[in-house]
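Residue numbering for the sequence shown is 1 to 204, as defined by full-length UniProt numbering. Note that beta-carbon positions come from the ideal geometry of N, C-alpha and C, so glycine has one too. A short write-up of the structure that comes next.
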Amino acid sequence: MAIYLEEKGLLFLQVPGTASSSLEDALLNQAGGRLVGQKHATLTELNLDEDASSAVQNSKSVICVVRNHFDWFYSEWYRCRTRWVYELDGSALTWGDAKRLEIKQACAFEFSPFLEWRLTEYDQSSETRSLFGHFTDSATTIFKMERLDEIQQWLEEKHQTPISLPRVNVTDKRAPYWQAYDRKARALVEHFYGEELKKFSYLF
């Protein structure tokens, strides 16, 4: 889904793993937004939805949020082990076989071997990859999850739409993501996502 602020002409794409739920709650409950399209839909996918395509055509700005890749991968592994594994037989019955395999592998392996499996076996796409390109390529405004306060400032100063966002508790992890990385794991992320890391000025 995306969140559409019709009066302001703002369309917020919900990028997986970037505090999209917190932003969604604020935009729906404080800024008069409404949901359009399917969850985590790209702009291309929204254009295929009758209701959502109208929002796309009438929007003045398309906004999305990105996140440090190293943090994103660790948080995905952590959520697989502590949250999603308990949803396999419940609310997530629509998950495909690939996602189910990822969750099971995350529970079976510690972070570094899991990441190696995910980046070299599970995903065998090109050497140069993108986590966020499906969203950022069509966005007119991009924010970082680490600075959600900038969204608040942008909405208030440029669009006269003040919102309050909770402090993002990054996946409720017990330790910072960088403590989970060994040299090999770090090198893998830098190898496959180096260009996008540089694009958004993300460092380890």
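Close beta carbons around residue i, own chain, < 8 Å, minus the five adjacent residues each side
i	result
Ile3	Leu11, Phe12, Gln14, Leu23, Glu24, Leu27, Leu28, Gly33, Arg34, Leu35, Val36
Phe109	Trp117
Arg100	Leu88
Trp154	Thr141, Phe143
Leu119	Leu188, Val189, Phe192
Straight-line gap, residue i to residue j (C-alpha atoms, nearest Å)
i	j	result
Lys60	Ala31	16 Å
Tyr177	Ala98	24 Å
Asn68	Pro113	20 Å
Leu203	Ile63	23 Å
residue 211	Glu76	Because residue 211 is not part of the residues shown, which for the chain are 1 to 204, the question remains open.
Gln160	Asp149	15 Å
Lys18	Val65	The sequence shown places Thr at residue 18, not Lys. C-alpha separation (whole angstroms): 6 Å.
Glu157	Leu115	41 Å
Ala52	Asp137	18 Å
Ser126	Ser201	22 Å
Ser54	Tyr122	36 Å
Ala175	Tyr74	11 Å
Continuous beta strand (DSSP E) stretch holding residue i: start and end
i	result
Ile163	It is not in any beta strand (DSSP E) - Ile163 carries neither H nor E in the DSSP assignment.
Val85	No beta strand (DSSP E) contains Val85, which DSSP labels as neither H nor E.
Ala26	That residue, Ala26, is in no beta strand (DSSP E); its alpha helix (DSSP H) goes 20 to 30.
Arg34	34 to 36
Ala2	2 to 5
Ser61	61 to 66
Other residues of its chain near residue i: CB distance less than 7 Å, five sequence neighbours each side excluded
i	result
His134	Thr42
Asp182	Ser112
Tyr193	His69, Arg129, Leu131
Ile103	Cys80, Trp84, Val85, Leu88
Lys8	His159, Thr161
Trp72	Gly17, Leu131
Asn58	Gly9
Alpha helix (DSSP H) segment containing residue i, residue limits
i	result
Phe12	Phe12 -> not in any alpha helix (DSSP H); beta strand (DSSP E) instead, spanning 10 to 13.
Thr140	Neither: Thr140 is in no alpha helix (DSSP H) and is coded neither H nor E.
Ser54	50 to 58
Residue i beta carbon near the ligand PLP (any heavy atom closer than 7 Å)
i	result
Val65	Of ligands this structure carries none, so the ligand PLP is not represented either.
Cβ shell of residue i (< 6 Å), same chain only, five flanking positions each side left out
i	result
Cys107	Arg81, Val85
Leu196	First, the amino acid is wrong: residue 196 is Glu here, not Leu. Excluding positions up to five away in sequence, the list reads Ser130.
Ile151	Phe143
Meets three-Cβ-pair contact criterion under 8 Å: the region 79 to 89 and the region 188 to 203: no
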